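Participant: Mind looking over this structure? Questions follow.
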Amino acid sequence: MIEGAPWRRWVFFYAPVSAFVIALLFPFYWMVITTLRPDRELYRPWNAPNYAPFWTNNPTLEHVRDLLNETLFTTWMWNTMLISLAATLISLFCGLLAGYALSRLKFRFAGLLGTGIFITYLVPQTLLFIPLADIIRNFKLGDSPWALILTYPTFLIPFCTWLLMGYFKSIPKELEECARIDGAPRWKAMVYIIFPVAIPGILSAGIFAFTLSWNEFIYALVFLSSPEQKTVPVGVTSELVRGDVFYWGELMAGALLGSIPVAFVYSFFVEYYVSGITGSVKG
Amino acid sequence: MRGLNKMYDDVHAVIDVNLDIRDQEFVVLVGPSGCGKTTTLRMVAGLETITGGEISIDEKVVNALPPMDRDIAMVFQNYALYPHMTVYDNMAFGLKMRKFDKSEIDARVKEAADILSIQELLKRKPRQLSGGQRQRVALGRAIVRHPQVFLFDEPLSNLDAKLRVQMRVELKKLHERLGTTAIYVTHDQVEAMTLGDRVVVMRDGRVQQVGDPMELYNQPANRFVAGFIGSPAMNFAPVRIVAQNGSLWAESPDLRIKIPEPSVSRLAPYAGQEATLGIRPEDLSIARTGDRNDLGFDVAVEVVERLGSEILLDVAAGSLSMVASVEPTATAKVHEKLRLALNPERIHFFDRQTEAAI
Chain P
2 MIEGAPWRRW VFFYAPVSAF VIALLFPFYW MVITTLRPDR ELYRPWNAPN YAPFWTNNPT
62 LEHVRDLLNE TLFTTWMWNT MLISLAATLI SLFCGLLAGY ALSRLKFRFA GLLGTGIFIT
122 YLVPQTLLFI PLADIIRNFK LGDSPWALIL TYPTFLIPFC TWLLMGYFKS IPKELEECAR
182 IDGAPRWKAM VYIIFPVAIP GILSAGIFAF TLSWNEFIYA LVFLSSPEQK TVPVGVTSEL
242 VRGDVFYWGE LMAGALLGSI PVAFVYSFFV EYYVSGITGS VKG
Chain L
988 MRGLNKMYDD VHAVIDVNLD IRDQEFVVLV GPSGCGKTTT LRMVAGLETI TGGEISIDEK
1048 VVNALPPMDR DIAMVFQNYA LYPHMTVYDN MAFGLKMRKF DKSEIDARVK EAADILSIQE
1108 LLKRKPRQLS GGQRQRVALG RAIVRHPQVF LFDEPLSNLD AKLRVQMRVE LKKLHERLGT
1168 TAIYVTHDQV EAMTLGDRVV VMRDGRVQQV GDPMELYNQP ANRFVAGFIG SPAMNFAPVR
1228 IVAQNGSLWA ESPDLRIKIP EPSVSRLAPY AGQEATLGIR PEDLSIARTG DRNDLGFDVA
1288 VEVVERLGSE ILLDVAAGSL SMVASVEPTA TAKVHEKLRL ALNPERIHFF DRQTEAAI
C-alpha cells in the first residue's frame, strides 16, 4: 500500500486503479446497454432531443429474443462449447504428458525440444491458416467441427506444455522420488502424486486453453462456411453484419451471451488460476 | 558396495567406494557438501544410475532394480510429504501401492503413529504441521514399510538447532527399538558422531576413513579427517622434524617440541623433513610451573570465549593461530602472554605431501 497522506493514496492508488477499472469495464457496460436499448433509440441521431447514449428508460429484451429465435445463435453456442471442450481436453492430455516428460525425464535434446515447442507457439496463426487450410481440404474435414478440434491443438498444445512444464518444475522432485521408493512405478507416481499436486497448474492451463479456443476467430472463419457449423465469434460477426447493415442490438446480445461462459469459468476457478500462474508448491 | 563409481558428464562424483554395512548397523556418511555422500545414498536408493561397481542388499545385487523393488525406505531433507494427502494417507501410500490389506495398513500406520506419538495428527494435511511434526510423519512413512534399510538424506538439517538435538536423540532411540539397518547422510560431524555406529568420512568422492566415532577422533587417518571431526577443529602447525642429541624434535619458528617416546619410531624416517603437527584444542592446557618445558610453547591470547563448561582461547604463537580449550576456572585475559602445554600422548603428525597420518 501507499504510505503517507490520504491525498497521496488517492493520487497514486485510487485514481489510477479507478481509471483502469473503468476503461476495462466500459466495453461490457456498452454491450449491456446496447443489448437492452430498443432499436428506435439505437439508431437515433446524436443531435436528436433527449439523446442519452449511456442510459435507457425503455429497456427491452427484444434483441436477445431475436438472437435466440431468428438466428442460429444456440447452435453456434453449442458448436463453440463442443469444439472448445474437445480441443481443450486433447491439448491438456498431450500437454500434461509432454510437460511432464520435458521437465522430469532426462533424454537427449530435451531442452532443444522444449524450445522448439515454444517456437511453434510463436508462429502467427495468420500465417499458419494457409497451409492448414490445404491440409483440412486434403483430409476432407472442411466445414465440420473436426476442422477446428484438430487444428486448435496446434497452438494449444505448445501453450499447455509450456505452462505445465514450468509448473512441474516447481514441484520438488523428492515427492516423486519418494513415491517411487514407496513402491509406485513412474506412471503411478505421476498420476497419484504429481498430477494432484499440479491441479492449480492444470486448471489454469485448461481455462486458458478453453478461452483461447472459445475466442478463436481466424481458423473458424476460414475452415467453416455453412451457418449451422459456425462458432459464436464467427457466427455473430458474419450473420449479423449484412453488407453495411449492422444489427447492433443482436450483435451486442450475441457478444454478451457469448462471453458469459468464459467469465463464469474464470470467476469460478480464479484462485486456482492465480496460484497456477504464479506457481510454487509447498511440501 | 563394491568399487562404486558415479560419473556425471565430466565430473567423477563418487570414486571407488567400498563399504560393507552389517545388519542392524547405523552407518553415517559425512563430509562437506559436494563430497559425493548424497550421490552414494541415491545410488543405494536407485534414484541415480550406477556408473561402475555394484551395490548388494542382503547378498542380492540391486544395480538394475528400480527403487520400488529394493526394499528400502528413504527420508528426505525437505520431508517430501505428499501435500494433497492427510498424514494417514501419506503413511499408508507405500503400503497401498504394495497392495496390503486395509486392516494390515491400518494396524501398521497406528503402530508407527504410536511410536512417534503423532496419533492426533493423522487426519491433518502436511501444511498444517510444524517442521518437527512433518519430520515425524516422514519418519512414520518410512517405518510403516518395515524395510530392510532406512536411508536418511540430511533429515534434520531443516529443523532449528534445539529441535535438531531432540530429534537426534529420538532417531537414535528409534534405531535401537527397530534395529533396522540405516544409512544416514549428513554434513554435520556432531550428528555423525552421535548417531553412527560407524562413520564414513568422504571428500571429493572418495572415502577418507571408516570407523567408529572414537576411532575417527583418536586415530584420524589423514589431515582432512582430523580437521573435520571434532569441534572446535584440530590445530595444525607446519613443522620440521629434527634429530638432535638422540631425540626427535618438531620445530618451527614459533615452537619447538620434543617428540614423545611412543611417536619416535614412526617419525624417525621423517628426520630432516617437513611434516604437519596436529593437536586438538582440548589437548592443550595452560602450563603450570613444574611442567616439562620441552612440551610447551609461548602464546599471546587474542580472544577469550567463555562457554561455561569450558573456555576457548584463541591464541597466536608467532604467526600461527590456534584454539585451546581450557578449564572454566582459568583466568586468562586478552593480550596476556602465557605458556601452553600439550598432552604428549595426543599429538598427531601428518605427512606434508600425502596428508596421511604418520
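Protein chains in written order, with this note's numbering: chain P, 2 to 284; chain L, 988 to 1345.
No residue lacks a Cβ here, since even glycine has one placed at the ideal position from N, Cα and C.
If you're wondering where the values come from, they're calculated on a predicted model, not measured in any experiment.
(1) Suppose you measure from the CA of ASN58 (chain P) to the CA of PHE29 (chain P); what does that come to, to the nearest Å?
(2) Using a Cβ-Cβ cutoff of 8 Å, what residues of the region 167 to 187 of chain P are near chain L? List them in chain order.
(3) Nearest to ASP144 (chain P) by alpha carbon, out of P:ALA221, P:TRP8, P:ILE120 and P:PHE55?
(4) Could you tell me whether any Cβ in chain P is nearer than 8 Å to the Cβ of TYR1069 (chain L)?
(5) Chain P partners of PHE1370 (chain L), CB-CB under 9 Å?
(6) Can the beta-carbon of ASP1285 (chain L) be found less than 8 Å from the beta-carbon of THR1168 (chain L)?
(7) Is there a Cβ from chain L that is less than 8 Å from the Cβ of VAL198 (chain P)?
(8) Since GLU229 (chain P) and THR76 (chain P) are thought to touch, with beta carbons under 8 Å apart, how far apart are those beta carbons, to the nearest angstrom?
(9) Beta-carbon of ILE288 (chain P) versus every beta-carbon of chain L: anything under 8 Å?
(10) Given a cut-off of 8 Å, decide if LEU129 (chain P) and LEU213 (chain P) are closer than it, judged by their beta-carbon atoms.
(11) Can you give me the C-alpha to C-alpha distance between ARG1275 (chain L) and ARG1253 (chain L), rounded to a whole angstrom?
(12) For the region 52 to 110 of chain P, list the alpha helix (DSSP H) runs that are entirely contained and at least 4 residues long, ordered along the chain.
(13) From what residue to what residue does the alpha helix (DSSP H) around ASP135 (chain P) run?
(14) Select from P:THR127, P:TYR153, P:PHE160 and P:PHE94 the residue whose C-alpha is nearest the C-alpha of ALA117 (chain P).
(15) Given that a residue counts as buried once 16 or more other Cβ atoms are within 10 Å of its Cβ, and exposed if not, what is TRP47 (chain P)?
(16) Tell me whether ILE131 (chain P) is buried or exposed, calling it buried when 16 or more other Cβ atoms sit within 10 Å of its Cβ.
(17) Taking the DSSP output, what are the residues bridged to PRO212 (chain P)?
(18) If GLN1064 (chain L) sits next to ASP1147 (chain L), beta carbons under 8 Å apart, how far is it from one beta carbon to the other, in whole angstroms?
(19) Exposed or buried, SER152 (chain P), counting other C-beta atoms within 10 Å across all chains shown (16 or more means buried)?
(20) Return the bridge partner residues of GLN1231 (chain L) from the DSSP annotation.
(21) Can you give the Cα-Cα distance for PRO234 (chain P) and ASN51 (chain P), rounded to whole angstroms?
(22) Would you give the residue range spanned by the alpha helix (DSSP H) that ARG1210 (chain L) belongs to?
(23) Could you round the C-beta distance between LEU1271 (chain L) and LEU1327 (chain L) to whole angstroms and report it? I think they count as a contact, below 8 Å.
(24) Which term fits LEU103 (chain P), buried or exposed, when burial requires 16 or more other beta carbons within 10 angstroms of its beta carbon?
(25) Measure from the alpha carbon of GLY1021 (chain L) to the alpha carbon of each residue in L:VAL1124, L:THR1173 and L:GLY1198, then state which is nearest.
(26) Within 8 Å of any Cβ in chain P, is that where the Cβ of GLY1021 (chain L) sits?
(27) Is the Cβ of MET1221 (chain L) closer than 8 Å to any Cβ of chain P?
(28) Taking the alpha carbon of PRO201 (chain P) as the reference point, which residue from P:SER85, P:TRP31, P:VAL271 and P:GLY184 has its own alpha carbon closest?
(29) Using only the alpha-carbon positions, how far apart do GLY259 (chain P) and TRP31 (chain P) sit?
(30) Compute the Euclidean distance between the alpha carbons of SER1144 (chain L) and LEU83 (chain P), then round it to the nearest angstrom.
(31) Which one or two residues does DSSP pair with ARG1085 (chain L) in a beta bridge?
(32) Which residues does DSSP list as the beta-bridge partners of SER1272 (chain L)?
(33) Is THR1173 (chain L) helix, strand or coil by DSSP?
(34) Could you tell me if ILE203 (chain P) is buried or exposed, where buried requires 16 or more neighbouring beta carbons within 10 angstroms of its beta carbon?
(35) Please confirm whether ILE203 (chain P) has its beta-carbon closer than 8 Å to some beta-carbon of chain L.
(36) For SER1043 (chain L), list the residues DSSP reports as bridge partners.
Facilitator: Well, looking at it:
(1) 19 Å
(2) PRO173, GLU175, LEU176, GLU178, CYS179, ALA180, ARG181, ILE182, ASP183, GLY184, ALA185 and PRO186
(3) P:ALA221
(4) yes
(5) This structure cannot settle anything about residue 1370 (chain L), because the visible part of chain L is limited to 988 through 1345.
(6) no
(7) yes
(8) 6 Å
(9) No answer is possible for residue 288 (chain P): it lies beyond the span of chain P, which begins at 2 and ends at 284.
(10) no
(11) 29 Å
(12) 63 to 71 and 74 to 105
(13) 126 to 139
(14) The sequence shown places Gly at residue 117 (chain P), rather than the Ala named in the question. For the residues P:THR127, P:TYR153, P:PHE160 and P:PHE94, the minimum Cα distance to GLY117 (chain P) belongs to P:PHE160.
(15) exposed
(16) exposed
(17) Strictly speaking, residue 212 (chain P) in this sequence is Thr, with Pro absent from that position. Note: THR212 (chain P) sits in no beta bridge, so no partner.
(18) The Cβ separation is near 15 Å, so there is no contact.
(19) Checking the displayed sequence, the identity of residue 152 (chain P) turns out to be Thr instead of Ser. THR152 (chain P) comes out buried.
(20) L:SER1234
(21) 34 Å
(22) 1210 to 1215
(23) 5 Å
(24) buried
(25) L:THR1173
(26) no
(27) no
(28) P:VAL271
(29) 15 Å
(30) 52 Å
(31) DSSP lists no partner for ARG1085 (chain L).
(32) L:ALA1328
(33) strand
(34) buried
(35) no
(36) L:VAL1048
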